[in-house]
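A.B. asks: Take this structure, written in structure tokens, and hold onto it; I'll ask about it next.
Residue numbers (the numbering used here): 347 to 662.
Below, the structure written as structure tokens:
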């Protein structure tokens, strides 16, 4: 198990794709000087250097707009239905420009307490620049389906994506599930069922059984697993009690000031995985909140993880 502490480079706000380039620029420009430092931009070193045409170590609004235009580009597949039980069973797919060989696939799963959220707020489209296919999906909310409905939706989406790849003459390689909060929870559950090779989770609830969780989030949990709450149902829906097998990889990201999901859950999860000899890397972000997603260092780590998995090498 690797444990890393971030001291700088924090992004507390996920990229909001409904905003304009200028709005997103202003959100990132923390000191208000009209320029973005690498820390404020939250991009990989490679991406930042490519955008920084003046090579002065900062991005102007004009330079940032080049990145924004690619991020907000239309997906190769839009609102594709992967199921027939709900209008929410749809996904978007973004493909690299010239895919070769086995293409690594990242599945982004949005958060929102399993009852809200939107696939449009996917922050990882630019991974296509690194040869990665990126899919972002809707799933049934708790007003339509109890757990494991959300999990089976994600599994159905993966099956659909592999069929779509075959139809396009492509071959997807390792699959990574990635999500924030409830989306991170589902990513970890996918790893536990063996449906994906790697799980990346930001601020995910990992154990739904503690009394403080049952009391503090009773209504949310009852909507999710059904009332009345009992330990067996909560264990069945808890990543901590459904660990992946050896060969699966986990990257856990958690803020130490997360008031929704205590970071101790990430410590406990990482410890359990390490004890089971499952590869795990834990990023703790001092003073990070529930929605913190890291900065350039973490972005570079994710790119490296996806690249090495595609080549069949260990990233840990």
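For each residue, glycine too, the CB sits at the ideal point set by N, CA and C.
Values in this document were obtained by computation on a predicted structure and should not be read as measured data.
Quick one: using the 10 Å Cβ neighbour count with 16 as the cut-off for buried, is residue 497 buried or exposed?
C.D. replies: Buried, by the Cβ-count rule.
A.B. asks: For residue 468, which of helix, strand or coil comes out of DSSP?
C.D. replies: Looking at residue 468 - three-state DSSP - the assignment turns out to be coil, as it is neither helix nor strand.
A.B. asks: Spatial neighbours of residue 443 within its chain, please: CB distance less than 8 Å, with the 5 preceding and 5 following residues excluded, ordered by chain position.
C.D. replies: Around residue 443: 474.
A.B. asks: Evaluate residue 419 with the Cβ neighbour count: other Cβ atoms within 10 Å of its Cβ, from every protein chain shown; 16 or more gives buried, anything less gives exposed.
C.D. replies: Residue 419 is exposed by the Cβ-count criterion.
A.B. asks: Three or more beta-carbon pairs under 8 Å between the stretch 449 to 462 and the stretch 480 to 495, yes or no?
C.D. replies: Output reads yes: the stretch 480 to 495 touches the stretch 449 to 462.
A.B. asks: Identify, in the order they occur along the chain, each residue of the same chain with its Cβ nearer than 7 Å to the Cβ of residue 616, setting aside the five sequence neighbours on each side.
C.D. replies: Same-chain partners within the cutoff: 347, 598, 626, 628.
A.B. asks: List, from N- to C-terminal side, the alpha helix (DSSP H) runs of 4 residues or more that fit wholly inside the stretch 538 to 613.
C.D. replies: Qualifying alpha helix (DSSP H) stretches, in chain order: 557 to 562, 564 to 571, 577 to 582.
A.B. asks: Which residue from 500, 618, 503 puts its Cα closest to that of residue 552?
C.D. replies: Measuring from the Cα of residue 552, the nearest candidate turns out to be 618.
A.B. asks: Short of 7 Å in beta carbon distance, which residues of its chain neighbour residue 381, apart from the five on each side in sequence? Order them along the chain.
C.D. replies: Excluding sequence neighbours, residue 381 sits near 404, 405, 406.
A.B. asks: For the stretch 605 to 615 against the stretch 565 to 583, do three or more pairs of beta-carbon atoms, one drawn from each stretch, fall closer than 8 Å, so that the two count as touching?
C.D. replies: The stretch 605 to 615, when compared against the stretch 565 to 583, does not touch it at the 8 Å Cβ threshold.
A.B. asks: When DSSP builds the beta bridges, which residues end up paired with residue 335?
C.D. replies: Nothing can be reported for residue 335: it is not among the residues displayed for the chain, which extend from 347 to 662.
A.B. asks: Are the CB atoms of residue 486 and residue 435 within a distance shorter than 8 Å?
C.D. replies: Closer than 8 Å, so yes.
A.B. asks: Does the beta-carbon of residue 658 have 16 or more other beta-carbons within 10 angstroms, so that it is buried, or is it exposed?
C.D. replies: Because the pLDDT of residue 658 is 45, which lies under 50, any placement of that residue in the model is unreliable, and the question is left without a value.
A.B. asks: Is residue 366 helix, strand or coil by DSSP?
C.D. replies: Three-state result, residue 366: coil.
A.B. asks: Count the other C-beta atoms from every protein chain shown that fall within 10 angstroms of the C-beta of residue 471, then say buried if there are 16 or more, exposed otherwise.
C.D. replies: Result: buried.
A.B. asks: Does the Cβ of residue 374 have 16 or more other Cβ atoms within 10 Å, making it buried, or fewer, making it exposed?
C.D. replies: With 16 or more Cβ atoms within 10 Å of its Cβ, residue 374 is classed as buried.
A.B. asks: How close, in whole Å, do the beta carbons of residue 428 and residue 502 come, if the pair is a contact with beta carbons under 8 Å?
C.D. replies: Right, the Cβ-Cβ distance comes to about 5 Å (below 8 Å), so this counts as a contact.
A.B. asks: In terms of residue numbering, what span does the alpha helix (DSSP H) encompassing residue 499 cover?
C.D. replies: Start and end: 495 to 513.
A.B. asks: Please name the residue in 570, 513, 504 whose C-alpha comes closest to that of residue 541.
C.D. replies: The residue with the shortest Cα to Cα distance from residue 541 is 504.
A.B. asks: Thinking C-beta only, is residue 465 closer than 8 Å to residue 696?
C.D. replies: For residue 696 there is no data in the structure shown, the boundaries of the chain being 347 and 662.
A.B. asks: In the DSSP output, what is residue 421 paired with across the bridge?
C.D. replies: Per DSSP, none; premise fails for residue 421.
A.B. asks: Our contact map puts residue 747 next to residue 632 with C-beta atoms below 8 Å; I'd like the distance itself, whole angstroms only.
C.D. replies: Beyond the ends of the chain as shown, which are 347 and 662, falls residue 747; an answer cannot be given.
A.B. asks: For residue 487, does the three-state DSSP call read helix, strand or coil?
C.D. replies: Here residue 487 sits in coil by DSSP.
A.B. asks: Ordered along the chain, which non-local residues of its own chain (more than five positions away) have a Cβ less than 8 Å from that of residue 426?
C.D. replies: So the qualifying residues of the chain are 436, 437, 438, 439, 506, 510.
A.B. asks: Have a look at residue 397 and residue 449 and give me their C-alpha separation to the nearest angstrom.
C.D. replies: Their Cα atoms are separated by approximately 25 Å.
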